[in-house]
Amino acid sequence: MKESLKRLVRVTTFFPGVSHLYRLYYLLAVRLLLLLVRTVPEISAVFVHRSFGAKDWLPGYSDIDLVITLVRLQPSHEITVLPGLWRKISLLRTVFPFIGTVQLITESELTWWLQHGGIRRLEFPSSTRLYARKKGTDGAYDRSP
Numbered sequence: 005m006k007e008s009l010k011r012l013v014r015v016t017t018f019f020p021g022v023s024h025l026y027r028l029y030y031l032l033a034v035r036l037l038l039l040l041v042r043t044v045p046e047i048s049a050v051f052v053h054r055s056f057g058a059k060d061w062l063p064g065y066s067d068i069d070l071v072i073t074l075v076r077l078q079p080s081h082e083i084t085v086l087p088g089l090w091r092k093i094s095l096l097r098t099v100f101p102f103i104g105t106v107q108l109i110t111e112s113e114l115t116w117w118l119q120h121g122g123i124r125r126l127e128f129p130s131s132t133r134l135y136a137r138k139k140g141t142d143g144a145y146d147r148s149p
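The sequence shown lines up with residues 5 to 149 when you count with our numbering.
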């Protein structure tokens, strides 16, 4: 079913007006993701990554890859937070099958990886865009332009 939908989108995406509708559907997915992560106070930022982050994406061909940074969690707290977060992401993937890779990483792990990680870290600055960052303790997010 998922592959059939992808083929349909790929065939119709270049019809006048249709591509615009598909783009709106992708953007709706990211907006809903932001609403869902607001319910998880341990999330500190959400980045869109690769083609969607670099803004050179095409509906039906591109997926939305995410990097979600978390505050450092105690192992006992991690056991309760992460399963709930993955359930929310799975729910989104049911409605929006083009949500691709989701990486969960702590802020300090991301900082270390950007300094010392492998070759893949070199693409991060050019293909990643901060989508939202938590402003403070009230749980509100700053939406990046």
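Quick reminder that beta carbons are idealized off the backbone N, C-alpha and C, glycines included.
Please state whether the Cβ-Cβ distance between THR132 and VAL34 is less than 8 Å. Going by beta carbons, THR132 and VAL34 fall outside the 8 Å limit.
Considering Cα atoms alone, identify which of PRO63, ARG42 and GLY121 is closest to ILE93. Comparing Cα-Cα distances from ILE93 to each of PRO63, ARG42 and GLY121, the minimum goes to ARG42.
Measuring only the C-alpha atoms, how far is TRP117 from THR110? The straight-line gap from Cα to Cα measures roughly 10 Å.
Any chance you could list the alpha helix (DSSP H) runs of at least 4 consecutive residues sitting entirely within the segment 44 to 124, in chain order? As far as the segment 44 to 124 is concerned, its whole alpha helix (DSSP H) runs of at least 4 residues are 55 to 58, 79 to 99 and 111 to 120.
Any idea if PRO149 is buried or exposed, counting beta-carbon neighbours within 10 angstroms, 16 or more meaning buried? Its pLDDT being 40, under 50, PRO149 is placed unreliably by the model, and nothing is read from it.
Using the Cβ count rule (16 or more neighbours within 10 Å means buried), how would you classify THR141? Its pLDDT being 49, under 50, THR141 is placed unreliably by the model, and nothing is read from it.
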